[in-house]
Every structure is written in C-alpha cells, then in structure tokens.
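Chemist:
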Amino acid sequence: MKIFITRHSKTLWNQEKKLQGWKDSPLTKEGINDALLLKKRIKDISIDYCYSSPINRAKQTSEILFDHVILDDRLKEMNFGIYEGKNIAELLNDEQYDDLWNHPDDDTRLPGGESYKEVQKRLLDFIDEIYKKYSVAGHMHRCSRSFMGTIPYQN
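Residue numbers (the numbering used here): 7 to 161.
1) Counting C-beta neighbours from all protein chains within 10 Å, is the total for Ala95 16 or more, i.e. buried, or is it exposed?
2) Sort out for me which residues DSSP pairs Leu42 with in a bridge.
3) Among Lys8, Lys138, Ile133 and Ser15, which has the Cα closest to the Cα of Glu69?
4) Throw me the rounded Cβ distance for the Gly37 and Phe86 pair, which I believe falls under 8 Å.
5) On the premise that Arg63 lies in contact with Thr34, defined as a C-beta separation below 8 Å, what is that separation, rounded to the nearest angstrom?
6) Between Lys23 and Pro32, what straight-line distance do the alpha-carbon atoms span, to the nearest angstrom?
7) Have a look at Arg115 and Ile88 and give me their C-alpha separation to the nearest angstrom.
Here it is as structure tokens:
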C-alpha cells in the first residue's frame, strides 16, 4: 500500500498570512487552479480511497481531486486556539507563539489550542485504524509511528 499526502490548496488566509488551524477561509482562484493541475498530474495513479479533514479548505481540495471523499476529524490541522485568524506578522514577538514554533515540546500549546501530543495522538489513532482496516505491511506501520512521534525536534 502507498499513502499519498497532500496539503489543502491556497486559501485567502494563506495569502493574507493569517494563522488558520480549525478556522477556515475559502480557497483562492489560484488554489482551485492548483488543485485542478494536481488532478491532471495524478490522473493515471490508481488511488482507492481519499481521506480528508472536514475543514472546508481541505474538503474542497479533496473534492476537486476525487469523486468520493471520506471525512475524518482526526485529520484536522492543529488547533491554534485564540490565535486563529490572527496575522502571523503580529505574532512574531509573542512569547507563546515563539515557543510553539521555535521551542516546542509535547505539551506546548497556544491558549485554547491543542498540544503537539494531542495532535500526534489523534493522527496515530487514524493511522492505526487505517493499518488495521487495510492490513498495511508492518514496516509501514513502524515508519508511520516514527514519522508521527519520535523524530526529535530541531531548531
């Protein structure tokens, strides 16, 4: 089994350099066009299932690519709490924001948001379910776990 991962297409908030998290902003025309280009690029690849975050930007990107999309809350982006929707340039001197990106540990979180540990747990739950459901080879499971939880943070 091969797993392909793609990010949602460009949104208005990406363009405005705002922190998104669980809040949403619409895809831009460029984002829609990029998704259409990706659809052409992957047309000859056999893909059996598409799983997506239910956040509209991810869902809309997935629905451009595939006719059938399975939504799963565990695939949501990290929740950034009260910082969502704020302009990133305004946060650069914020100590909590700096800690999240430059000095992270498993329990680092923004007020009202998720910790890295919580994000890792829900993503590992998703990967474990996929592993059991589709009988992924054991080495793939171990690689996924390494990717999700044991790679050390680097500054």
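Backbone N, C-alpha and C define an ideal beta-carbon position, used for all residues, glycine too.
From a predicted model like this one, the values you see are computed outputs, not experimental measurements.
Modeler: The structure says:
1) Numbered from 1 along the sequence shown, position 89 holds the residue referred to as residue 95. Here Ala95 is exposed, its C-beta having fewer than 16 other C-beta atoms within 10 Å.
2) As a first step, residue 42 is located in the sequence shown; it is residue number 36 there, counting from the start. Answer by DSSP bridge pairing: none, since Leu42 is not bridged.
3) Translated into positions along the sequence shown, residue 69 becomes position 63. For Glu69, the nearest C-alpha among the options comes from Ser15.
4) Numbered from 1 along the sequence shown, position 31 holds the residue referred to as residue 37. Numbered from 1 along the sequence shown, position 80 holds the residue referred to as residue 86. Actually they do not touch by this definition, with Cβ atoms about 20 Å apart.
5) Counted from its first residue, the sequence shown places residue 34 at position 28. Counted from its first residue, the sequence shown places residue 63 at position 57. Wrong, their Cβ atoms sit about 10 Å apart, outside the cutoff.
6) As a first step, residue 23 is located in the sequence shown; it is residue number 17 there, counting from the start. As a first step, residue 32 is located in the sequence shown; it is residue number 26 there, counting from the start. Cα to Cα, Lys23 sits roughly 14 Å from Pro32.
7) Locating residue 115 in the sequence shown gives position 109, counting from the first residue. Locating residue 88 in the sequence shown gives position 82, counting from the first residue. The alpha-carbon of Arg115 is positioned some 11 Å away from that of Ile88.
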